[in-house]
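Trainee:
Residue numbers (this note's numbering): 126 to 453.
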């Protein structure tokens with residue numbers, strides 16, 4: 126069983142060394158940027174995960190290190206069976222492997238906002254997409270407003286923008302792109318390395334003869350599988366974002382034209398109801414001021430009255446005593 130534990134340790138160490146060598150080769154290649162994107166994915170993070178998993182089995186290393194030389198030949202055979210992630214070279218033939226997130230925003234002034242919203246909703250399905258969110262409301266100016274966000278396949282993104290521009294007058298437009306090629310292939314490499322480690326741990330778990338050894342291997346296997354679930358979720362999210370682009374549209378109404386005559390007419394129109402409301406507002410304001418003043422008088426005047434009453438009683442008593450002395 127010590128031989129099995131030794132194989133666990135050596136396989137994890139060899140996976141880490143393979144990841145480190147891939148990291149050194151990746152660091153010598155040209156860096157990826159927005160102007161010159163690199164189509165090869167970095168593999169250095171895979172080494173970090175493999176090293177992390179190696180750190181997770183330190184308790185197995187302590188028991189296996191004294192017999193490291195005895196199992197060197199078996200470890201060499203195991204190393205040859207560990208798969209590695211080959212990254213696509215940076216050539217013009219594989220530019221389609223780039224992973225780019227594209228999003229678009231348009232602010233459109235429409236004569237009929239609700240109609241434009243319905244047309245945009247139909248457009249999202251015509252281009253093979255789906256509606257993410259939709260909202261319409263009435264503004265403070267009693268005019269309709271609307272907002273729509275829909276996802277569209279990345280290959281139909283430009284066509285969707287062209288059709289959206291026809292829905293009204295474009296007041297604002299913004300298209301953003303984010304190249305996540307390196308991040309995507311980084312996740313691929315890390316997943317590949319962790320899957321290889323998990324597969325080895327499963328084989329050692331099947332060969333375990335003692336309960337405590339099986340529990341140790343199973344605990345490390347659960348840790349590796351948990352990391353795999355997180356990385357696969359991140360990879361799937363990136364794949365979804367790069368497969369579908371998001372288009373967000375804000376529809377605003379055409380502002381009504383108001384002539385100078387209409388403004389002057391509205392300013393000079395007499396409205397009894399408006400006058401009554403203004404007078405009522407003033408009356409309520411005065412009542413509120415009077416109530417506030419009364420509260421102030423009660424709060425401040427009561428202690429003052431008590432103090433004056435005490436002084437008056439003292440003065441009266443002193444004056445009465447003087448009169449009594451004078452009479453006697």
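The beta-carbon is built from N, C-alpha and C at its ideal position, and this holds for glycine as well.
Helix, strand or coil: which one does DSSP assign to residue 395?
Mentor: Reduced to three states, the DSSP call for residue 395 is coil.
Trainee: What are the boundary residues of the beta strand (DSSP E) that residue 229 is part of?
Mentor: Element bounds for residue 229: 225-235.
Trainee: Only counting the same chain, and skipping five residues up and downstream in sequence, which positions put a Cβ closer than 6 Å to that of residue 258?
Mentor: Hits under 6 Å: 274.
Trainee: Count the other CB atoms within 10 Å of the CB of residue 277; is the residue buried (16 or more) or exposed (fewer)?
Mentor: Per the 10 Å Cβ criterion, buried.
Trainee: Can you tell me which of the three DSSP states residue 424 falls into?
Mentor: If DSSP states are grouped into helix, strand and coil, residue 424 belongs with the helices.
Trainee: Expressed to the nearest angstrom, what Euclidean distance is found between the alpha-carbon atoms of residue 317 and residue 262?
Mentor: When rounded, the distance between both Cα atoms is 49 Å.
Trainee: Along the chain, where does the beta strand (DSSP E) that runs through residue 294 open and close?
Mentor: Residues 294-304.
Trainee: So, does the stretch 224-241 touch the stretch 333-343, judging by three or more C-beta pairs under 8 Å?
Mentor: Judged by Cβ distances under 8 Å, the stretch 224-241 makes no contact with the stretch 333-343, as fewer than three pairs qualify.
Trainee: Assuming residue 285 and residue 372 form a contact by the criterion Cβ under 8 Å, report the distance between their Cβ atoms to the nearest whole angstrom.
Mentor: At roughly 6 Å, the Cβ-Cβ gap stays under 8 Å, so residue 285 and residue 372 are in contact.
Trainee: Helix, strand or coil for residue 256, going by three-state DSSP, please let me know.
Mentor: If DSSP states are grouped into helix, strand and coil, residue 256 belongs with the strands.
Trainee: Pop quiz: residue 346 and residue 326 are said to be a contact at Cβ under 8 Å. What is the actual Cβ separation, rounded to whole angstroms?
Mentor: With a Cβ gap of about 4 Å, residue 346 and residue 326 count as contacting.
Trainee: Looking at residue 232 and residue 297, is the spacing between their C-beta atoms short of 7 Å?
Mentor: For residue 297 and residue 232, yes; Cβs fall inside 7 Å.
Trainee: Quick check on the burial criterion: 16 or more other C-beta atoms within 10 angstroms. Buried or exposed for residue 374?
Mentor: Result: buried.
Trainee: Suppose the cutoff is 8 Å on Cβ atoms and the five residues either side in sequence are ignored; what does the same chain contact list for residue 343 look like?
Mentor: These residues qualify, in order along the chain: 330.
Trainee: Around the C-beta of residue 379, are 16 or more other C-beta atoms found within 10 angstroms, so that it is buried, or is it exposed?
Mentor: Classification for residue 379: exposed.
Trainee: Under 6 Å Cβ to Cβ from residue 248, same chain only, skipping five residues before and after it: list those, please.
Mentor: If we look at residue 248 and ignore the five residues flanking it on each side, its Cβ neighbours are 288.
Trainee: Within the continuous beta strand (DSSP E) that includes residue 273, where are the two ends?
Mentor: Unbroken beta strand (DSSP E) run through residue 273: 269-278.
Trainee: In the DSSP assignment, find the unbroken beta strand (DSSP E) run with residue 266 in it and report its ends.
Mentor: No beta strand (DSSP E) contains residue 266, which DSSP labels as neither H nor E.
Trainee: Take the Cβ of residue 366 as the centre, count every other Cβ of all protein chains shown within 10 Å, and call the residue buried at 16 or more, exposed below.
Mentor: Classification for residue 366: buried.
Trainee: At the level of alpha carbons, what is the spacing between residue 410 and residue 399?
Mentor: Their Cα atoms are separated by approximately 16 Å.
Trainee: Does the beta-carbon of residue 349 have 16 or more other beta-carbons within 10 angstroms, so that it is buried, or is it exposed?
Mentor: Classification for residue 349: buried.
Trainee: For residue 426, does the count of other Cβ atoms within 10 angstroms reach 16, so buried, or fall short, so exposed?
Mentor: Looking at its Cβ environment, which holds fewer than 16 other Cβ atoms inside 10 Å, residue 426 is exposed.
Trainee: How many angstroms separate the CA atom of residue 321 from the CA atom of residue 357?
Mentor: Their Cα atoms are separated by approximately 15 Å.
Trainee: Tell me which residue opens and which closes the alpha helix (DSSP H) that residue 336 is part of.
Mentor: 336-368 is the extent of the alpha helix (DSSP H) around residue 336.
Trainee: Skipping 5 residues on each side, what residues in its chain have a beta carbon closer than 8 Å to that of residue 225?
Mentor: 279, 302, 303, 304, 305, 306 and 367, listed in sequence order.
Trainee: What distance in whole Å lies between the Cβ atoms of residue 370 and residue 228, which are believed to be in contact at a cut-off of 8 Å?
Mentor: The Cβ separation is near 6 Å, so the contact holds.
Trainee: DSSP puts residue 377 in a beta bridge; with which residues?
Mentor: Per DSSP, 234.
Trainee: For residue 252 versus residue 281, is the C-beta spacing smaller than 7 Å?
Mentor: In this structure, residue 281 lies closer than 7 Å to residue 252 by Cβ.
Trainee: Counting only the same chain and skipping the five closest in sequence on each side, list residues whose C-beta sits under 7 Å from that of residue 359.
Mentor: Result list for residue 359: 312, in chain order.
Trainee: Measuring CB to CB, does residue 244 end up less than 7 Å from residue 292?
Mentor: Closer than 7 Å, so yes.
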